Amino acid sequence: MLGSIAAPAPSSTKPVRVLVIEGQALFAKALCQVLASDPEIDVVIATGGTGVTGRDVTPEAFHSVYEKEIAGFGELFRWQSYEKIGTSTIQSRATAGVAGGTYLFALPGSPGACRDAWDGILIHQLDNRFRPCNFVELMPRLRER
Amino acid sequence: MLGSIAAPAPSSTKPVRVLVIEGQALFAKALCQVLASDPEIDVVIATGGTGVTGRDVTPEAFHSVYEKEIAGFGELFRWQSYEKIGTSTIQSRATAGVAGGTYLFALPGSPGACRDAWDGILIHQLDNRFRPCNFVELMPRLRER
Amino acid sequence: MLGSIAAPAPSSTKPVRVLVIEGQALFAKALCQVLASDPEIDVVIATGGTGVTGRDVTPEAFHSVYEKEIAGFGELFRWQSYEKIGTSTIQSRATAGVAGGTYLFALPGSPGACRDAWDGILIHQLDNRFRPCNFVELMPRLRER
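Residue numbers (the numbering used here), protein chains in the order written: chain U, 647 to 791; chain W, 647 to 791; chain B, 647 to 791.
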């Protein structure tokens, strides 16, 4: 279930720990809760399970643990994909949010879609040099009250 | 309340049964539940009741029965409409989802907006020849576990 | 907490009363409830608290009082911002909805972002001359049953 530890964002001066969940997220909710509460994990990236069939349960699992939804992530991913795959982009229910001080991203399962999400959005937002702002620089403040 | 049976997607080799709900969706929630549980219905398309006035209750009715929301549908519809009607596009709360193995789409009530949603999105996604993927080919898998 | 009464939409023939909430929306939920139930207030515009840090609680407060969410507002704001700030736009959780017959808008805290939201969306939608439709002309119908 837990596939690999991804390399940190290429040019980040702060190493960003990213845990990648590959394949069908059968126990996505439980995983999210564990991962979101592990202080060693800054970012969870899940792949797969974002479609509309009966087995595509990742978005519901993610929503069940979100403290804050980042609606713009799925919007932007689908908008960027529209140029490539037209109306098929709406089949993707890619989603992101914050829980327990951890960023959670759910990407589609296809390697191409994952690459697009990384190259189009995450490579920038997980790079603490990106301007005007990025997700890395906000990590210390995710839990502030 | 139940207006008409729409023609199947033009070039689909599998006839897609589409039920169109016209006018004010006063009993939209009950309708959604009935339609979503009828195995003869593959797709429900409701028109009207997607605005912001007190009588516009279709989105709330749809959301109350969704097992899966297809957020990209409303996003893409509004984005396509932005070219035509500018910021007025945000008045549309068009929405889509899946319940009981049935696709549910809520379109605005104006004929022009319905035509735009059909021509811009549904004619493709309800055609099982559309690539890289379409909603028709996934119908047998909506209920899989 | 309550900053100022904004000028009505420039060319509106019906004065639109707009209450602007500036700064951190610590008591946003309570404020929303009060403002949404005050018949003298047509529109609430809150600024700040729409990011992803622990103190950014405005979207959750707004969602807790929405009777109807206007999903297209945040979508369009982020899409318009994408041209200016690239992927950083997804950090904005700008949101809008209707509660108690009042329009509620949550904008980011930066003056630039507020200006963009006003110039790009609100100046049109809070102007009852804007076509094909605008939020002002619908105000008498927000509470209809």
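Glycine residues also receive a C-beta, built at the ideal position from the N, C-alpha and C atoms.
Keep in mind the model is a prediction, meaning the values are calculated, not measured.
For residue i: DSSP bridge partner residues
| i | result |
| --- | --- |
| Thr741 of chain U | U:Ala752 |
| Glu715 of chain B | B:Gly743 |
Contact set between residue i and chain U, taken where Cβ atoms lie within less than 8 Å
| i | result |
| --- | --- |
| Glu721 of chain W | Glu721, Arg724, Trp725, Ile736 |
| Val744 of chain B | Chain U residues near Val744 of chain B: none, gap ~18 Å exceeds 8 Å. |
Contacts that residue i makes with chain B (C-beta to C-beta distance below 8 Å)
| i | result |
| --- | --- |
| Arg701 of chain W | Arg787, Glu790, Arg791 |
| Lys730 of chain U | None at all; the shortest Cβ gap to chain B is about 17 Å. |
| Pro778 of chain U | Ile731, Ser734 |
Assigned secondary structure, residue i (DSSP; H/G/I helix, E/B strand, else coil)
| i | result |
| --- | --- |
| Val782 of chain W | helix |
| Pro654 of chain W | Confidence is the limiting factor: at Pro654 of chain W the pLDDT is only 48, short of 50, which leaves the residue's position unreliable and the question unanswerable from this model. |
| Val689 of chain W | strand |
| Phe776 of chain W | coil |
| Asp684 of chain W | coil |
| Leu788 of chain W | coil |
| Met647 of chain B | Interpretation of Met647 of chain B is limited by its pLDDT of 33, a score under 50 that renders its predicted location unreliable; no figure is taken from the coordinates. |
| Asp702 of chain U | coil |
| Gly766 of chain U | helix |
| Gly732 of chain U | helix |
| Gly694 of chain U | coil |
Proximal residues of chain B, C-beta to C-beta of residue i below 9 Å
| i | result |
| --- | --- |
| Val618 of chain U | Outside the shown range of chain U (647 to 791) lies residue 618 of chain U, about which nothing can therefore be said. |
7 Å Cβ cut-off: residues of chain W touching residue i
| i | result |
| --- | --- |
| Ala717 of chain B | Gly720, Arg739 |
Straight-line Cα distance separating residue j from residue i
| i | j | result |
| --- | --- | --- |
| Tyr749 of chain B | Arg775 of chain W | 43 Å |
| Gly700 of chain B | Ala692 of chain B | 18 Å |
| Glu783 of chain B | Gln737 of chain W | 12 Å |
| Pro685 of chain U | Cys760 of chain B | 35 Å |
| Lys730 of chain W | Glu790 of chain B | 28 Å |
| Trp764 of chain W | Ser734 of chain W | 19 Å |
| Glu713 of chain W | Gly694 of chain W | 22 Å |
| Asp688 of chain W | Ile769 of chain U | 39 Å |
| Gln771 of chain U | Gly732 of chain B | 10 Å |
| Pro757 of chain W | Gly718 of chain W | 22 Å |
| Ser727 of chain U | Gly746 of chain U | 30 Å |
| Ala682 of chain B | Ala742 of chain B | 13 Å |
| Val680 of chain U | Pro754 of chain U | 21 Å |
| Gly669 of chain B | Glu721 of chain U | Residue placement at Gly669 of chain B cannot be trusted, given a pLDDT of 49 that sits under 50; the coordinates are not used to answer. |
| Asp773 of chain W | Met785 of chain W | 12 Å |
| Pro705 of chain W | Pro778 of chain U | 35 Å |
Residue i vs residue j beta-carbon contact at 8 Å
| i | j | result |
| --- | --- | --- |
| Arg724 of chain B | Ala740 of chain B | yes |
| Val698 of chain B | Leu788 of chain U | yes |
| Val711 of chain B | Cys678 of chain B | yes |
| Ile606 of chain W | Val744 of chain W | A question about residue 606 of chain W goes unanswered here, because the residues of chain W that appear run from 647 up to 791. |
Under 9 Å by beta carbon: chain W residues contacting residue i
| i | result |
| --- | --- |
| Val689 of chain U | Ordered by position in chain W, no residue passes the 9 Å Cβ test against Val689 of chain U, which lies about 22 Å from the chain. |
Per-residue contacts from residue i into chain U (C-beta, under 9 Å)
| i | result |
| --- | --- |
| Val698 of chain B | Lys714, Ile716, Gly743, Val744, Tyr749, Phe781, Leu784, Arg787, Leu788 |
Short CB-CB distance (under 8 Å) between residue i and chain C
| i | result |
| --- | --- |
| Gln679 of chain B | The displayed structure is made up of protein chains U, W and B, and chain C is not among them. |
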